[in-house]
Amino acid sequence: MKKKQEREVKRGFWYYDSVLLQGVIVLAINYDYWYEIEKEDGFDMTGEVPELNDKGEMYLLVWTDAEFGKTQRHSVGTLELESTVALAEKVVNQPIEWI
């Protein structure tokens with residue numbers, strides 16, 4: 129079994145309620161997030177295969193505080209970076225300043 133790895137691809141920020149600075153980090157991970165959770169929970173994964181893109185990755189959104197420090201929550205993105213970025217902006221219902 130290959131070692132689970134992640135790498136930062138992009139990060140950005142926006143203002144919640146026009147006042148509170150919030151952040152998001154996009155990670156590329158080399159495993160299917162949901163597949164691994166179900167496997168760890170003991171589900172029968174016979175016939176199931178991880179869903180990854182042609183690079184063998186999927187994207188994960190990590191929502192953070194303003195200093196990109198403390199993680200508040202994770203959410204799975206998609207198999208493509210552009211659609212994961214669009215998903216993040218849809219979640220916060222505004223453009224994100226990507227840096």
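Final position of the sequence shown in our numbering is 227; the numbers increase by one with none missing.
For every residue, glycine included, the Cβ atom is placed at its ideal position computed from N, Cα and C.
Spatially closest choice to residue i from the options, by CA coordinates
i: Ile-157; options: Val-219, Leu-207, Tyr-187 and Glu-210; result: Tyr-187
i: Asp-193; options: Val-204, Pro-178, Phe-141 and Val-219; result: Phe-141
i: Asn-221; options: Asp-145, Lys-183 and Ile-227; result: Asp-145
i: Arg-204; options: Tyr-161, Tyr-143 and Gln-150; result: Rather than Arg, the amino acid found at residue 204 in this sequence is Val. Checked all of Tyr-161, Tyr-143 and Gln-150; the closest Cα to Val-204 is Tyr-161.
i: Val-219; options: Thr-199, Leu-209 and Leu-189; result: Leu-189
i: Lys-183; options: Glu-217, Val-154 and Leu-209; result: Leu-209
Proximal residues to residue i (C-beta, below 6 Å), its chain only, five neighbours per side dropped
i: Leu-207; result: Asn-181 and Met-186
i: Arg-135; result: Ala-156
i: Lys-130; result: none
i: Glu-179; result: Asp-160
Inter-residue CB distance, residue i and residue j (contact presumed, cutoff 8 Å)
i: Lys-132; j: Tyr-159; result: 5 Å
i: Ile-224; j: Val-152; result: 6 Å
Close Cβ partners of residue i (< 7 Å) along its chain, the five nearest in sequence each way excluded
i: Arg-201; result: Trp-191
Residues of its chain near residue i, where Cβ-Cβ distance is below 8 Å and the 5 sequence neighbours each way are ignored
i: Trp-226; result: Lys-138, Arg-139, Gly-140 and Val-213
i: Thr-289; result: Shown here, the chain extends from 129 to 227; a query on residue 289 therefore has no answer.
Taking only runs of the beta strand (DSSP E) that begin and end inside the segment 161 to 227, which ones reach a length of at least 3 residues, in chain order? DSSP runs (the beta strand (DSSP E)) wholly in the segment 161 to 227: 186 to 192 and 199 to 204.
Using 8 Å as the threshold, is the segment 158 to 166 in touch with the segment 209 to 224, meaning 3 or more CB pairs across them? When Cβ pairs closer than 8 Å are counted between the two stretches, the segment 158 to 166 is seen not to touch the segment 209 to 224, the count staying below three.
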